[in-house]
Amino acid sequence: MVAVGWLFALVLLLPLMFSLWPQLDAMRLFGIPLSWLAVVFIPFPAMVFLAIWQLRRAEKPEDQA
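The sequence shown runs -2 to 62 under our numbering.
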């Protein structure tokens, strides 16, 4: 449940980040706005990390048995 909470927080904080820093749309890297890059390179690696973390947490009780 904790991993799901972190995932929701991550997804809900991205729009807040864009509203606090609207200049991310004007800044470009290789012709792509930084806001678009943030949508790709922030949530997906974080989701992979959360999935691995949750898997290890789920396997821990099984290993102790």
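Cβ atoms here follow ideal geometry from the backbone N, Cα and C, with glycine treated the same way.
Same chain, Cβ closer than 8 angstroms to Ala48, five either side skipped, listed in chain order: Ala0
Report back the beta-carbon spacing between Leu17 and Met44 to the nearest angstrom; my notes put them in contact at under 8 angstroms. Contact doesn't hold; Cβ gap of about 22 angstroms is too wide.
Out of curiosity, what's the CA-to-CA distance linking Phe15 and Phe46? Distance between the alpha carbons of Phe15 and Phe46 is about 23 angstroms.
Taking DSSP's pairing of strands, which residues face Ile29 in a bridge? Leu26
I'd like the list of long-range same chain contacts for Arg25, defined as Cβ closer than 8 angstroms, with 5 residues on each side in sequence excluded. Leu31
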